[in-house]
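Here the structure comes first, spelled out in structure tokens, and everything after it is commentary.
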Amino acid sequence: MAQQQFIIERYNPDTEESYEESFDVDVQPGQTVLDSLNAIKWEQDGTLSFRMSCRHAICGSCAMKVNGQSMLSCQTQVDSAAERGDPIRIGPQGNQNVVKDLVVDVTKFLDQFERAETWLEPHEGQDPPEKEYRQKVEEFDHWSHASTCIHCGACYSDCTVAAVDENFLGPAALAKAYRFVMDSRDSKRTERLQFLSEEQGGIWDCTRCYMCVQACPKDVLPMDAIMELRTMAIEAGFTNNHGTRHHKGFTSGVRKRGRLDEMMLPIQSVGIGRLLTGNISAHKEMMDYTPGAIRLLKARKLLKIAQRHGANAEGREQIQRIFEEVETEKHHHNVDAEAFGAEFETAIGGH
Amino acid sequence: MLQHDVLIVGSGLAGMRAALEVSNDPTLDVAILTKVHPLRSHSGAAQGGIAASLGNSAEDSWDLHMFDTVKGGDYLVDQDAAEVLTREGPENIFELEHMGCAFSRDDEGRVAQRRFGGHTAPRACYAADRTGHAVLTVLFEQLLRRGVKVYSEWYALDLVVKDNVCQGLVAYDILSGQIEAISAKAVMFGTGGYGRAFRVTTNAFASTGDGVVMAYRAGIPLEDMEFVQFHPTGLQGSGILLSEAARGEGAHIVNSDGFRFMENYAPGRMELAPRDIVARAEQSEIEAGRGVTTLRDSVFMDLRPIGEERIRYALPSVLHLARDFAGIDPLDAPVPIQPTAHYSMGGIPCDINGQVRIKDLDGAPEITGFFAAGEASCVSVHGANRLGTNSLLEAVVFGRRAGRGILDVVHDLEPTNIAEGDMADAVGEVDKFLRADGPEKVGQIRAELRDTLMDKCGVFRDDAQLRECLAEVKDYQERFRRVSIDDHGSTFNTDLLDAIELGHMLEYSEVIVTGALARQESRGGHARRDFPTRDDDNWFRHTLAYRPQDGEDGPRLEYSDVNMTPQYREPFPLQERTY
Chain A
2 MAQQQFIIER YNPDTEESYE ESFDVDVQPG QTVLDSLNAI KWEQDGTLSF RMSCRHAICG
62 SCAMKVNGQS MLSCQTQVDS AAERGDPIRI GPQGNQNVVK DLVVDVTKFL DQFERAETWL
122 EPHEGQDPPE KEYRQKVEEF DHWSHASTCI HCGACYSDCT VAAVDENFLG PAALAKAYRF
182 VMDSRDSKRT ERLQFLSEEQ GGIWDCTRCY MCVQACPKDV LPMDAIMELR TMAIEAGFTN
242 NHGTRHHKGF TSGVRKRGRL DEMMLPIQSV GIGRLLTGNI SAHKEMMDYT PGAIRLLKAR
302 KLLKIAQRHG ANAEGREQIQ RIFEEVETEK HHHNVDAEAF GAEFETAIGG H
Chain B
1138 MLQHDVLIVG SGLAGMRAAL EVSNDPTLDV AILTKVHPLR SHSGAAQGGI AASLGNSAED
1198 SWDLHMFDTV KGGDYLVDQD AAEVLTREGP ENIFELEHMG CAFSRDDEGR VAQRRFGGHT
1258 APRACYAADR TGHAVLTVLF EQLLRRGVKV YSEWYALDLV VKDNVCQGLV AYDILSGQIE
1318 AISAKAVMFG TGGYGRAFRV TTNAFASTGD GVVMAYRAGI PLEDMEFVQF HPTGLQGSGI
1378 LLSEAARGEG AHIVNSDGFR FMENYAPGRM ELAPRDIVAR AEQSEIEAGR GVTTLRDSVF
1438 MDLRPIGEER IRYALPSVLH LARDFAGIDP LDAPVPIQPT AHYSMGGIPC DINGQVRIKD
1498 LDGAPEITGF FAAGEASCVS VHGANRLGTN SLLEAVVFGR RAGRGILDVV HDLEPTNIAE
1558 GDMADAVGEV DKFLRADGPE KVGQIRAELR DTLMDKCGVF RDDAQLRECL AEVKDYQERF
1618 RRVSIDDHGS TFNTDLLDAI ELGHMLEYSE VIVTGALARQ ESRGGHARRD FPTRDDDNWF
1678 RHTLAYRPQD GEDGPRLEYS DVNMTPQYRE PFPLQERTY
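Just so you know, the sequences run in chain order A and B.
If you're matching positions, the first sequence starts at 2 in our numbering and goes up one per residue.
If you're matching positions, the second sequence starts at 1138 in our numbering and goes up one per residue.
Given below as structure tokens:
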């Protein structure tokens, strides 16, 4: 048996006081963080509050921050959470309001599922079969991993977009939407793709930081699902939105110049056509870029960006070949070149 | 005061399925009240499958399923209920499938089915080894779609019944600490089981038998509470469930000699004998000194005969649980397992429409407007021992039936109105704990209680141990009067809830032990060393335990007949139960 120090971020709603408190716990080999919190609650301080129920990683109650990263406390061994002698820091999930100690208000997170209507909508005016719908093993295997979500909120807690955008649907709700887009029993595939690409806070708001995949205690891979949704949305023709135009602009810039055309990208993202036809909201969107541009100007960076050269002839030729290869691949494997542009953007360090 | 036409307590499979059914009538106002968010309900922890005679993998029929269920339950099963369960099974599975349930598929694209203990055909429909999670999720999705009102993280304190008519509920809002009366014409309990009173258990922290005890306190007897199922494959120590699907897929169980000892206990079924039989075999091997690990308190389950690829595909949760919670990789080594308290066969007595009813007693009325389904209820479809994969099916089939049972009567029921005075018990209970300053601690008493029940009312029982057990439980009840808590706040006070739950555990534990002490036979999950055989002449009957009235020392036991009148076939006659 060894002693382990836990430093817990606490919040008392009656006094509205936030503070840290340290507890020492005797730990056995194999003891989990949740076991340790229970030992504190039952033997040292009954006022410590946290959610828990199944204690084997299926009910999703006990996600919290352990040393800054969200995880299920029941699934986390004390040994794996700390180097010998180091304290373990425990805090509530991020991106949500704290109710008391490690309990957060999960309403905002859970409301996103309702907003994205993540339930099966059967085919209207069409009776279901007498028995089950037939579904190929390959089809089921393609999406079933996304149905393993336990709604623990770890992905949402660590999401870097949810941190700055109240409106973001978030990784879990988007992954769940993906699961229905992929399920042949659902009748709203097209409507879902349209909603997810055009809704404020939809698939195009993800910054691909990968935190959700890292935090997820199951096999959901939310970010991968979001990327696949982007591809499907473009293929389904939902291209008249900021996200798609941004990626198209990005790709065409790279294709033409061999590098990102940062001067043109805002214009392309808002839409040259929309701007030329005097679309008021398009002009408003352009205005949104003004403060940033002014800051760049003041920092004397704008001119430098404008003066940047593209790649040399050899480089351009190489990039051209990459595009051609991708398009051949697309032909063979049905990979969309524009969606690939999104991948490419990260590969070359776009933003 | 809050008011609904129908109030469903508990949001697992039974509760949500019932709520969906009631919501088919748009004129009715239905709400669910649950102490954990619906997606956290313990139904989600069910792993291996949900039974139904679809016949997708091999020929099957509801009769055969019914026979397996009756025999599996050691004939204490009410045969009208087993018939309903098995006849309505397939349509319920198809309904879930049409709602979008993520069932695994066979090569024909149909719902895949596999073998399970005690079932003669492969009839466990499954979603890898997270079937409960898949069904729970899909029911919640449909509930959201219907816009059913959910009181999430509300704790039911007291069921209000007057002159055998249910009035509604008194409940505690965990977030705010407010106590509210919720009147309803019909109340249904789908509040789950009571396995938390045992040290080694698969059950969630939430499975504290709250609904069962609320019914008991309201004057309703509890049925067959002594029948607790010990699952043979709990992880050593924690008791965390490793799905029976592992054995369904071909895992072996061996003792310290590496011998597949089921050969000596159930040669016809080996590891796929019913759970009570496998659990007793394990316990016997352990007690004979053939246990494994340094503690010798467990046996090995070896998954390697299944093959790596199939383990990864069909048993991903088992793989992860062994790795994360025991530090053992089942691809490389066998996993130490032990019997773990898993399922509560007993509960609130009700008929096949979910109507709570005190069975077969002259003049004993139904409780108007009160329904139950799922593990909290005792319909009794599992008798003395439940077969794996029948619990999810029961929750769905009888949840739906309870919903329909409510629809049949609710329009004729009078609106109810819970008065201030009806709230006194609940308000008093909360107040008592918030003010208490005694020396005893909830965590300490609870730990002792769980040890006592595990060690003295476990897989095997006998008169002397049960008497000790009962005395200790009564002692804990006495000490509990002097308990105090640390948290006196009103926001998310889980310290208070722990105390209330321990009160429930102490109350139903007495019923379990009293029933076990009285039942001088061995049947299904109730194994008496001093009465090792089944005694149909004296004990082919259900136990009904009434809460002690003034002057009574413990629960008053009465007994009722087992139903032998299925509607569509002859009853299965009593037979010796061997496998």
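For each residue, glycine too, the CB sits at the ideal point set by N, CA and C.
Got a sec: is the Cβ-Cβ distance from residue i to anything in chain B below 8 Å?
i	result
S158 of chain A	no
A173 of chain A	no
H143 of chain A	no
F7 of chain A	no
L121 of chain A	yes
W43 of chain A	yes
G259 of chain A	no
T347 of chain A	Because T347 of chain A sits at a pLDDT of 49, beneath the cut-off of 50, its placement in the model cannot be relied upon, and the following sentence gives the value as read from the coordinates. It does not: the Cβ of T347 of chain A has no partner Cβ on chain B nearer than 8 Å.
Q136 of chain A	yes
D76 of chain A	First, the residue type needs correcting, since residue 76 of chain A is Gln and not Asp in the sequence shown. True, the Cβ-Cβ gap to chain B drops below 8 Å.
I295 of chain A	no
D46 of chain A	yes
Whole angstroms are fine: how far does the CA of residue j sit from the CA of residue i?
i	j	result
H352 of chain A	Q136 of chain A	At H352 of chain A the pLDDT is 40, less than 50, meaning the model places this residue with poor confidence and gives no usable figure here.
L1213 of chain B	V1493 of chain B	19 Å
I227 of chain A	A173 of chain A	10 Å
G350 of chain A	F1570 of chain B	Residue placement at G350 of chain A is poorly supported in this model, since its pLDDT is 44, which falls under 50; the coordinates still yield a value, given next. Cα-Cα distance, rounded: 60 Å.
Y20 of chain A	D1667 of chain B	58 Å
Q1581 of chain B	D1588 of chain B	11 Å
V1547 of chain B	G1305 of chain B	13 Å
D1215 of chain B	Y1331 of chain B	21 Å
A1321 of chain B	N1554 of chain B	8 Å
H152 of chain A	F114 of chain A	10 Å
A1189 of chain B	F1364 of chain B	24 Å
E1446 of chain B	G1540 of chain B	42 Å
Q1614 of chain B	H1641 of chain B	10 Å
G202 of chain A	E1360 of chain B	53 Å
I273 of chain A	I91 of chain A	50 Å
P93 of chain A	D159 of chain A	11 Å
M72 of chain A	S54 of chain A	15 Å
For my contact list, residue i and residue j are in at a C-beta cut-off of 8 Å; report their separation, rounded to the angstrom.
i	j	result
F1617 of chain B	E1577 of chain B	7 Å
A1318 of chain B	V1307 of chain B	5 Å
I1448 of chain B	L1456 of chain B	6 Å
Could you spell out where the beta strand (DSSP E) holding residue i opens and where it closes?
i	result
F1507 of chain B	1503-1509
H1389 of chain B	1389-1391
For a contact meaning CB atoms closer than 9 Å, what does residue i contact in chain B?
i	result
M72 of chain A	Within chain B, no residue comes near M72 of chain A; the closest Cβ sits about 11 Å away, beyond 9 Å.
Given that residue i touches chain A, what residues does it touch there, using C-beta distances under 7 Å?
i	result
F1342 of chain B	M53, S54, R56
G1464 of chain B	G31
From what residue to what residue does the alpha helix (DSSP H) around residue i run?
i	result
K66 of chain A	No alpha helix (DSSP H) holds K66 of chain A; the beta strand (DSSP E) holding it covers 64-67.
P172 of chain A	172-182
G1348 of chain B	1347-1354
K257 of chain A	243-258
V1275 of chain B	1268-1283
G1652 of chain B	1631-1655
Y1450 of chain B	1445-1451
Taking 8 Å as the threshold (beta carbon to beta carbon), is residue i in contact with chain A?
i	result
L1176 of chain B	yes
I1622 of chain B	yes
E1566 of chain B	no
G1149 of chain B	no
S1313 of chain B	no
V1248 of chain B	yes
S1241 of chain B	yes
For a contact meaning CB atoms closer than 7 Å, what does residue i contact in chain B?
i	result
K66 of chain A	Within 7 Å Cβ-Cβ: nothing; K66 of chain A doesn't reach chain B, min ~18 Å.
K132 of chain A	F1231
R186 of chain A	G1237
At a CB-CB cut-off below 8 Å, which residues of chain B make contact with residue i?
i	result
V104 of chain A	F1629
I151 of chain A	L1176, G1181, H1270
Give the interface partners of residue i over in chain A, defined as CB-CB distance under 8 Å, in chain order.
i	result
A1182 of chain B	C55, H57, I59, C60
**Contact residues within the segment 1416-1431 of chain B, judged by C-beta distance below 7 Å to chain D** = Looking at the structure shown, chain D is missing, and the protein chains on hand are A and B.
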